[in-house]
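Participant: I'd like to ask you about the structure that follows.
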Amino acid sequence: MTSLLSQVANGALTGLLYALVAMSFVIIYRSARVFNFAQGEIVVVGAFLVWTLMSAFDLPVWAAVPLALLASVLLGVLIERVILRSLVGEELFAFVMVTIGLLIFIRGVVLVAWGPEVRFFPAVLPMAAVKVGALVFDRAMVIGGALTLVVAAAMSWFFNRTQLGLEMTAVAEDHQTALSLGIPVTRSIAVAWGISGLLSTVAAIIFLNGKGMTFLASDIGFAALPVALLAGLESIGGVVLGGLIVGIALGLASYFLDPIFNGGVAAVFPFVIMVIVLLIRPTGLFGWKTIERI
Amino acid sequence: MVTIWRGVSKTVVMLALAAAATAATAQTEYKVPGLLDFSGPFADLGKQMMARGAVLKWWNDNDGKKLGVKLSLKEYDTRYDGTVVASMWPGILAEMKPIIALGLGGADLNALQQRLPNDKVPVIYAPPGYGFGWHPNQWVFNARATYVHEWTTALVWYAAQNPQKRPLKVAFMSSQASPAYVDLVKGIDKYIKTVLEPKGTATVVITEWIEAQPVDLSSQMKKVIDAKADIIIGTANTTMAAAAMRAMQLHGVNIPTLAAPWHTIWPLAQAMKSYVPWEGHLVVTGIASTAEKNSKAWEFYQALAKGYGLPAEWNPLNLLGISQGLLAVRAVEHAAKKVGGDKLTGAAVYEALTTGSFTEDELMGILPTLTYTKDAPFPLKGGKVRIEWVKDGKYQLATPNWLTMPTDVTKW
């Protein structure tokens, strides 16, 4: 029983981490209508920025983390300004190809700049375990789970209650309409990329806290994919629920199904759920339904 | 007129002598393709494996010169992707007309194994072999037996150290993301169940399949702890190993892991700048141990470091490259002695590999004596390993002498 509870609870925490990464997908998609395939690579860049500042430059955590977060925001803005701005108004396919190209480009830059060796990601968050009865949790994951809920609430408030957030939501509806209303579309998209960069580094800190890392940590981008698609690509709150569904399903599949099928089920189970949900609701659980009037 | 003729004939004689001398020292050049991963999952390995190039250069300057053979290595980035290898290989064949090639691992093995007998190019691999590659009459050659041979040797040794005199409880924790990871679990599982369990030496208590890049393993580790495992096998990449270590720390336990030197202790201790978290953990190696520095292998490495640009300190990864390079040059050397340095072909090198032994002395103490047969692409008999572990915070040899591998490992 303890084992089952442990699988479910740790699965939920893993799901919340995926939700944090998926939130970056959603924020960009909401404003720019771009599905960023390079999200995992941006997480890795954030991780290496923290590692460089703390391990190579020996900066204390209170200086290194804010600097890394700032650099991540700038990276997001830079990607938007240099690569994506010129594509505004282009076909969706062009954006897809560009973000795939961005994935390959960033991976190359990471390999050249930091190399393929294993690095030890510094312990930014406390390392001691959290024990609840017989259950044991990674403190970074617990903090990360709580942070994901706070960030999701803050982002929901931002997009629904602030001028800039509402402008970004209008941009997400339709770029041409937003422009005709005098909303600076490019600024909105740049802000989205900046926020996405920031969240990616936060996710990297939670994910890699006190662990070994390589450039392959970018796999988390694809692990978070079913969460974003399950929730619907526009819903900030939806990714939290989507994350919990995927994480808990993963834990349950690992507990009940893997022993029967000799492993392998847990890894694909989130994708199975995603496909089933998308077959019933093509826009995901909380995605916007577009009604076209003729 | 006579003087002119004398002058001319002197010049001709001198030119002929010079030409003869050049011919004597001229080396027939053979191009050797090297398949490496610079941007895929084993990119960290790729950089270090380039040490094999230093061995080829060293050999060219010494034995190669005497035999009139020069091997020129050209490395290709395969991203450890079988489809990349499969598409790249015909071009490599056409361009280089190789008599031997240097591979990396499972991805290129899968892509090339079927076609190599037709291509007539033997390919040498540094890491241990896999069960799925265990077929007769292969043109791939591993410089050591399979992971299963090596790791079961260590398991038997470790079980013998067990003061409780009860069967060693083995937990598998590995990923199904790679056929290689699954292969080693399958093979060791079979060996334990068919050989060790009946003898009361070891038993499998749990098998946990995890992601290759796991986020958190605390739940899986809880199951391993509940199963009262004495040793964990299968953390065959650094991320899995680091996540398993972190999960053990969370639960406040330290269950030794058993892996290859490049999977766990060495790369992670480099990153963590400490061996202390790895106290009691083991690695097993079928090549020279980096923990031993008063050996022929160390002296050879120093020669490579001084003359061929390798770093002063060796490590398990560049040793892998060196072992591969050594087997390749010795295979070419054996073939050249049989057919002549200017008449080398892939078939001649293959013949040299499958008939005859490569002694530990020839292999500079980096590898034990290797004898291949046509039954398998790796030496099935006479293979030896050493075990390294962390004791008192230091990375050291647990077994100063080579341990002979079991001969009762059957196909799985």
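Protein chains in written order, with this note's numbering: chain A, 1193 to 1486; chain B, 296 to 707.
The beta-carbon is built from N, C-alpha and C at its ideal position, and this holds for glycine as well.
Which residues mark the beginning and the end of the alpha helix (DSSP H) in which Tyr486 (chain B) is found?
Facilitator: Per DSSP, Tyr486 (chain B) belongs to the alpha helix (DSSP H) from 474-486.
Participant: Bridge partners of Gly424 (chain B), per DSSP?
Facilitator: Answer is B:Thr441, bridged to Gly424 (chain B).
Participant: Indicate whether at least one CB of chain B lies closer than 7 Å to the CB of Gln1199 (chain A).
Facilitator: Yes, Gln1199 (chain A) counts as interfacial toward chain B.
Participant: Run the CB neighbour count on Phe1351 (chain A), radius 10 Å, all protein chains shown included, and call it buried at 16 or more, exposed below.
Facilitator: Flag for Phe1351 (chain A) reads buried.
Participant: Roughly how far, in whole angstroms, is the beta-carbon of Leu1442 (chain A) from the beta-carbon of Met1333 (chain A), given that I think they are within contact range, below 8 Å?
Facilitator: Rounded, the Cβ-Cβ distance is 14 Å, inconsistent with contact.
Participant: Return the residues of the segment 1322-1354 of chain A that lie within a Cβ-Cβ distance of less than 7 Å from chain B, sorted by chain order.
Facilitator: Cβ contacts with chain B: Val1328, Phe1329, Asp1330, Met1333.
Participant: Span of the beta strand (DSSP E) holding Phe1329 (chain A)?
Facilitator: From DSSP, the beta strand (DSSP E) with Phe1329 (chain A) extends over 1327-1329.
Participant: By the three-class DSSP mapping on this structure, what secondary structure does Ser1392 (chain A) have?
Facilitator: Helix at Ser1392 (chain A).
Participant: In this structure, does DSSP put Val579 (chain B) in helix, strand or coil?
Facilitator: The answer is strand: DSSP assigns Val579 (chain B) an E or B state.
Participant: So does the segment 375-386 of chain B actually touch the segment 654-666 of chain B, counting three or more Cβ pairs closer than 8 Å?
Facilitator: Result no; under three Cβ-Cβ pairs closer than 8 Å.
Participant: Could you tell me if Leu1400 (chain A) is buried or exposed, where buried requires 16 or more neighbouring beta carbons within 10 angstroms of its beta carbon?
Facilitator: When all chains shown are included, Leu1400 (chain A) counts as buried.
Participant: Check whether the Cβ atoms of Leu563 (chain B) and Ala537 (chain B) sit closer than 7 Å, and answer yes or no.
Facilitator: It is a contact, given that the beta carbons lie within the stated cut-off.
Participant: Contact between the segment 1418-1437 of chain A and the segment 1255-1271 of chain A is defined here as three or more beta-carbon pairs at a separation below 8 Å; is this criterion met?
Facilitator: Flag = no, the segment 1418-1437 of chain A and the segment 1255-1271 of chain A do not touch.
Participant: Pro1314 (chain A) and Met1246 (chain A): beta carbons closer than 7 Å?
Facilitator: Result yes, Cβ atoms of Pro1314 (chain A) and Met1246 (chain A) sit closer than 7 Å.
Participant: Given a threshold of 16 other Cβ atoms within 10 Å of its Cβ, counted over all protein chains shown, does Val1469 (chain A) qualify as buried or as exposed?
Facilitator: Its Cβ being crowded by 16 or more others within 10 Å, Val1469 (chain A) is buried.
Participant: Could you pull the DSSP bridge partners for Trp504 (chain B) from this structure?
Facilitator: BP columns for Trp504 (chain B) point to B:Ser469.
Participant: Would you give the residue range spanned by the alpha helix (DSSP H) that Gly1307 (chain A) belongs to?
Facilitator: Where Gly1307 (chain A) is concerned, there is no enclosing alpha helix (DSSP H), given that its DSSP letter is neither H nor E.
Participant: Let me check understanding here. Comparing Cα to Cα, which of A:Phe1463, A:Leu1294, A:Gly1434 lies closest to Ala1445 (chain A)?
Facilitator: Cα-wise, what sits closest to Ala1445 (chain A) is A:Phe1463.
Participant: So which residues on chain A does Leu614 (chain B) lean against when the C-beta distance must stay under 8 Å?
Facilitator: None at all; the shortest Cβ gap to chain A is about 16 Å.
Participant: Which bits of chain A does Gln508 (chain B) rub up against, with CB to CB less than 7 Å?
Facilitator: Under the 7 Å cutoff, chain A gives Leu1408, Ala1409, Asp1411.
Participant: Let me make sure I understand the geometry here. Which of A:Gly1455, A:Gly1357, A:Arg1473, A:Thr1378 has the alpha-carbon closest to that of Arg1273 (chain A)?
Facilitator: Here the closest residue by C-alpha is A:Thr1378.
Participant: What does Glu1309 (chain A) touch in chain B if you count any residue whose Cβ is under 7 Å from its own?
Facilitator: In chain order: Asp339.
Participant: Would the segment 1231-1243 of chain A and the segment 1351-1360 of chain A be scored as touching if the rule is three or more Cβ pairs under 8 Å?
Facilitator: Because the criterion of three Cβ pairs below 8 Å is not met, the segment 1231-1243 of chain A and the segment 1351-1360 of chain A do not touch.
Participant: Where Asn437 (chain B) and Gly401 (chain B) are concerned, what is the direct C-alpha to C-alpha distance, given to the nearest angstrom?
Facilitator: Those two C-alpha atoms are separated by around 11 Å.
Participant: Under a three-way DSSP split, which group does Asp372 (chain B) fall into?
Facilitator: Asp372 (chain B) falls in the strand class under three-state DSSP.
Participant: On the premise that Gln322 (chain B) lies in contact with Gly377 (chain B), defined as a C-beta separation below 8 Å, what is that separation, rounded to the nearest angstrom?
Facilitator: At roughly 34 Å, the Cβ-Cβ gap does not stay under 8 Å, so Gly377 (chain B) and Gln322 (chain B) are not in contact.
Participant: Kindly give me the distance between the Cβ atoms of Val380 (chain B) and Ala406 (chain B), rounded to whole angstroms, as I take these residues to be in contact under 8 Å.
Facilitator: Val380 (chain B) to Ala406 (chain B), Cβ: 4 Å. Contact.
Participant: Less than 7 Å between CB atoms is the rule here; does Trp504 (chain B) satisfy it with respect to chain A?
Facilitator: Yes, contact with chain A.
Participant: Taking the alpha helix (DSSP H) that Pro611 (chain B) falls in, what are its first and last residues?
Facilitator: Its alpha helix (DSSP H) spans residues 611-634.
Participant: Please look up how many angstroms separate the CB atoms of Gly1336 (chain A) and Leu1436 (chain A), rounded, as I've assumed it's under 8 Å.
Facilitator: 13 Å between Cβ atoms; not a contact.
Participant: Counting only beta-carbon separations shorter than 7 Å, does Lys415 (chain B) have a partner in chain A?
Facilitator: No - not a single Cβ of chain A is within 7 Å of the one on Lys415 (chain B).
Participant: Just list the residues that DSSP pairs Ser367 (chain B) with in beta bridges.
Facilitator: B:Lys326.
Participant: Give a yes or no on contact between the segment 1297-1311 of chain A and the segment 518-528 of chain B, applying the rule of three or more CB pairs nearer than 8 Å.
Facilitator: With a cut-off of 8 Å, the segment 518-528 of chain B and the segment 1297-1311 of chain A do not count as touching, because too few Cβ pairs lie within range.
Participant: Can you tell me where the alpha helix (DSSP H) with Glu646 (chain B) in it begins and where it stops?
Facilitator: Start and end: 641-649.
Participant: Going by beta-carbon coordinates alone, are Glu683 (chain B) and Val578 (chain B) separated by less than 7 Å?
Facilitator: Their beta carbons are under 7 Å apart, which means Glu683 (chain B) touches Val578 (chain B) by this criterion.
Participant: Using the Cα positions of Asn532 (chain B) and Thr559 (chain B), report the straight-line distance between them to the nearest angstrom.
Facilitator: C-alpha separation (whole angstroms): 7 Å.
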